[in-house]
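Under this note's numbering, the sequence shown is numbered contiguously, ending at residue 642. Glycine included, every Cβ here is placed at the ideal spot set by N, Cα and C. Owing to the predicted nature of the structure, the values given are computational and were not obtained by experimental measurement.
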Amino acid sequence: MFKKSKQNLSNDNSFLTILKQSFQIRKGPFPWNKAVGAAISAGFPVIIGLIFGQLHLGLLGAIGSFSYLYTFNEPYAQRAKKIFFVVIGISLSVALGTLLSPYPILIIFTVGLIGAAATFIFGVLKIPGPAAIFFVLSFLMTTGMTIDPSSAPIRTTVVFASGCFAWIVSMIGWFRNPHNPEIKTLKEVYLSLAEFSEAIGNDNINNARQRAVNALKESEETILTGYIPWKNSFFFNRLVLLNEQANKLFLEMLELCSNKNTKLPKEFGELIRTLYTGIELVDSDVIKLNPISSELDKNYHKFLEIIYDIEAIINIPLEYIGHSIKISKPSLKMKLIKACNRDSMVFVNAVRFGFILSISTIIAFKFSFTRPYWITLSCASVMLGSTILSTFHRSIQRSCGTIAGIIIALVIFKLQPQGFMIVIINMCLTALTELFIAKNYALAAIFITPNALLIAETSTQIHNVSYFAAARITDIFIGSVIGLIGTYIIGRRSASSRLPDLMVKLIRSQARVLVRLASKAKENNDNTEWIKEKMKINLMNFKMAYNTALGEIPNDEKMLQMMWPAVFSLEHISYILEYGYIANGSLKISDENLAQLLLVFETMATAIEQRLPVQPKKVPIMEELPKICKEINILQEALSIK
Numbered sequence: 001m002f003k004k005s006k007q008n009l010s011n012d013n014s015f016l017t018i019l020k021q022s023f024q025i026r027k028g029p030f031p032w033n034k035a036v037g038a039a040i041s042a043g044f045p046v047i048i049g050l051i052f053g054q055l056h057l058g059l060l061g062a063i064g065s066f067s068y069l070y071t072f073n074e075p076y077a078q079r080a081k082k083i084f085f086v087v088i089g090i091s092l093s094v095a096l097g098t099l100l101s102p103y104p105i106l107i108i109f110t111v112g113l114i115g116a117a118a119t120f121i122f123g124v125l126k127i128p129g130p131a132a133i134f135f136v137l138s139f140l141m142t143t144g145m146t147i148d149p150s151s152a153p154i155r156t157t158v159v160f161a162s163g164c165f166a167w168i169v170s171m172i173g174w175f176r177n178p179h180n181p182e183i184k185t186l187k188e189v190y191l192s193l194a195e196f197s198e199a200i201g202n203d204n205i206n207n208a209r210q211r212a213v214n215a216l217k218e219s220e221e222t223i224l225t226g227y228i229p230w231k232n233s234f235f236f237n238r239l240v241l242l243n244e245q246a247n248k249l250f251l252e253m254l255e256l257c258s259n260k261n262t263k264l265p266k267e268f269g270e271l272i273r274t275l276y277t278g279i280e281l282v283d284s285d286v287i288k289l290n291p292i293s294s295e296l297d298k299n300y301h302k303f304l305e306i307i308y309d310i311e312a313i314i315n316i317p318l319e320y321i322g323h324s325i326k327i328s329k330p331s332l333k334m335k336l337i338k339a340c341n342r343d344s345m346v347f348v349n350a351v352r353f354g355f356i357l358s359i360s361t362i363i364a365f366k367f368s369f370t371r372p373y374w375i376t377l378s379c380a381s382v383m384l385g386s387t388i389l390s391t392f393h394r395s396i397q398r399s400c401g402t403i404a405g406i407i408i409a410l411v412i413f414k415l416q417p418q419g420f421m422i423v424i425i426n427m428c429l430t431a432l433t434e435l436f437i438a439k440n441y442a443l444a445a446i447f448i449t450p451n452a453l454l455i456a457e458t459s460t461q462i463h464n465v466s467y468f469a470a471a472r473i474t475d476i477f478i479g480s481v482i483g484l485i486g487t488y489i490i491g492r493r494s495a496s497s498r499l500p501d502l503m504v505k506l507i508r509s510q511a512r513v514l515v516r517l518a519s520k521a522k523e524n525n526d527n528t529e530w531i532k533e534k535m536k537i538n539l540m541n542f543k544m545a546y547n548t549a550l551g552e553i554p555n556d557e558k559m560l561q562m563m564w565p566a567v568f569s570l571e572h573i574s575y576i577l578e579y580g581y582i583a584n585g586s587l588k589i590s591d592e593n594l595a596q597l598l599l600v601f602e603t604m605a606t607a608i609e610q611r612l613p614v615q616p617k618k619v620p621i622m623e624e625l626p627k628i629c630k631e632i633n634i635l636q637e638a639l640s641i642k
């Protein structure tokens, strides 16, 4: 199944298709709240600079406002920590850029180190957002300023202060609704469960099941990151209980699906949607479920029992829930250690990112370009794509958007804005960037370019406008080409070549989880958690490699499409193990049944290692774990294809 294919670039990856995909507008609402917050964060330090007659320091402070751009729909407990550390990182980048500006060799080494470190940390912790780009930008912009290492303290202080203001802006929503991110994520879970209930027995059940699994995993991550051991609100504890019940409800629906394989009564979807509306209710409000006929109650007793438990959790006064809920968080140390190996796509991408950044900086200094940091910035921007295909998309978007942005920048500089006009322009461009980056990066680049130039060049008198424009376009083009070529040479087959080994690791870690659970050693829960985390990390590495392989040019599209059922089954087995059995701490299974399952797991792993099709060994549906047995048979069938 994993034998290398010499398949040429498919029609789906033709240049015209890639070009069309590059300018495709994503659906969804405009992020108005984030756009306004970003504009306020960017404009405030410039206003302060104007008031005190230090416009150049105000514009420097706008670099600190980039911290706000890392704000997403995460719990405020996580956001507070994340944005604060981003502020620290950007401030240190400015300090290093100022101190190292006289030393090109150190700049080359440091920019690669900053890019690699930020990419690695954001990847391991699965933090959404621009990752390394603004740390690299902050470092490089200060290396391009007037060389004055003695100004490092004042520059760092100004950037840190403006970053702290951006932190305050990012946390304003906490006063209005401190658990809004968790509520939003949990509502998505119950909506997906309702859709899954309605899809059982239909042709689209696999898609609905996958959406439910993804929603449940995202909810679990959100709850974990929002948990504060020393300060739990009653409302947060209710959300934790609702999340646990959602997992139970999903597992019960899987049971019904595997046993009956017929459509569930339509009333079940309506019941779940009613629960969905009650997730954010406060003490004074309650929900009331429609009555169910006694016949349904008899046939679906366990399902309805979970439904009524959820209703009770929603309707019970919050003070009765209390503070007693405890959550076991995964080990950050283990995540970082496990990610530091050649099979980890996070580690590979981080090293590649840092290395190519350093190469682009060498080229920029070697040929003495005007403001050489624009080359490295462009290289970093296009490499935010995790695959060669996404990098190609971003290089096209970056180039086209930058050309349009240069025209806007020329108009702005021709007008020679002064004072508060600079503030207004800066805030408008920042807001427009945040509005359109959710739609298409090319549109966002139209506003990113003049804004970055405004910050970097306002204090510089531009006499030759045409030369200025040509230099910027040249830098952007060269940086994009370096990023594209570097990604192609280093990473064009890095993901697909790792897929077999990563699949083997995942299968064997799932087998180890079964062995651990069957041992019934409840006195050592930490060991169970450790094995669970290893399985989750292996699943993350495998899925990341698979998704990256889909964007390789060329790729074996036929093989990857045939592989999708196996990816789906492996993820599903991991989910069932984690939430169906690990949560209970043990698994009652006979030695004979366990030995049969372990033999099947090892047979699959060995066949994949030897690049051979799997010879299916039919697993009987065992009473102890019917869902896993069914999924293992499906997985074997998927892996048996040559």
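With respect to the 8 Å criterion, GLY419 and GLY112 are not classified as neighbours on the basis of their beta carbons. Less than 8 Å divides the Cβ of SER138 from the Cβ of VAL94.
Contact annotation, PHE165 with SER41: C-beta distance approximately 7 Å; criterion of less than 8 Å satisfied. For THR274, the secondary structure class from DSSP, reduced to helix, strand or coil, is helix.
When secondary structure is reduced to three states using DSSP, ARG398 falls in the helix class. In this structure, the beta-carbon distance from THR143 to ILE114 does not fall below 8 Å.
ILE337 counts as exposed, since fewer than 16 other beta carbons sit within 10 angstroms of its beta carbon. Rounded to the nearest whole angstrom, the CA to CA distance from GLY61 to LEU99 is 18 Å. Nearest to PRO102 by alpha-carbon distance, out of SER151, LEU59, THR606, is SER151. Note on the segment 131-187: whole alpha helix (DSSP H) runs with a minimum of 4 residues are 133-143, 152-170, 173-176, in chain order. Between LEU384 and ALA131, the gap from beta carbon to beta carbon is short of 8 Å. LYS627 is a Cβ neighbour of GLU255, given a cutoff of 8 Å. A straight line joining the alpha-carbon of ASN243 with that of SER574 spans about 18 Å. Nearest neighbour of ALA549 by Cα position, chosen from ALA39, TRP564, LEU598, turns out to be TRP564. In the three-state reduction of the DSSP assignment, ASP343 falls in the coil class. Closest option to LEU59, judged by alpha-carbon separation, among VAL158, ALA117, GLY37: VAL158.
Within the model, the alpha-carbon separation for TRP230 versus ALA118 is close to 29 Å. Burial check for GLY486: the Cβ neighbour count within 10 Å reaches 16 or more, so the residue is buried.
Annotated three-state conformation of PRO31 is coil, per DSSP. The DSSP-derived three-state label of THR71 is coil.
For MET622, there is no enclosing alpha helix (DSSP H), as DSSP marks it with neither H nor E. The segment 187-196 makes contact with the segment 269-279; the number of CB pairs closer than 8 Å reaches 3 or more. The residue from VAL286, VAL515, ALA495, GLU578 with its alpha-carbon nearest to that of LYS536 is GLU578. In this chain, the alpha helix (DSSP H) harbouring THR222 covers 205-226. With fewer than 16 other beta carbons inside 10 angstroms of its own, ILE641 counts as exposed. With a 10 Å radius around the Cβ and a threshold of 16 neighbouring Cβ atoms, VAL286 comes out exposed. Between the beta-carbon of GLY64 and that of SER197 there is about 48 Å, and that puts the pair past the 8 Å contact cut. Between GLY479 and TRP374, the beta carbon gap of about 7 Å places them in contact (Cβ cut-off 8 Å).
Its Cα nearest to that of ILE133, the residue LEU69 stands out among LYS81, LYS82, LEU69. Minimum Cα-Cα distance from GLU311 among the listed residues SER293, SER378, ARG238, SER496 corresponds to ARG238. Between ILE473 and ILE406, the CB-CB gap stays under 8 Å. In the same chain as LYS187, and ignoring 5 residues on each side of it, the C-beta atoms closer than 7 Å to its own belong to TYR276, ILE279, in chain order.
For THR606, the enclosing alpha helix (DSSP H) starts and ends at 591-609. Secondary structure of GLY486 (DSSP, three-state): helix.
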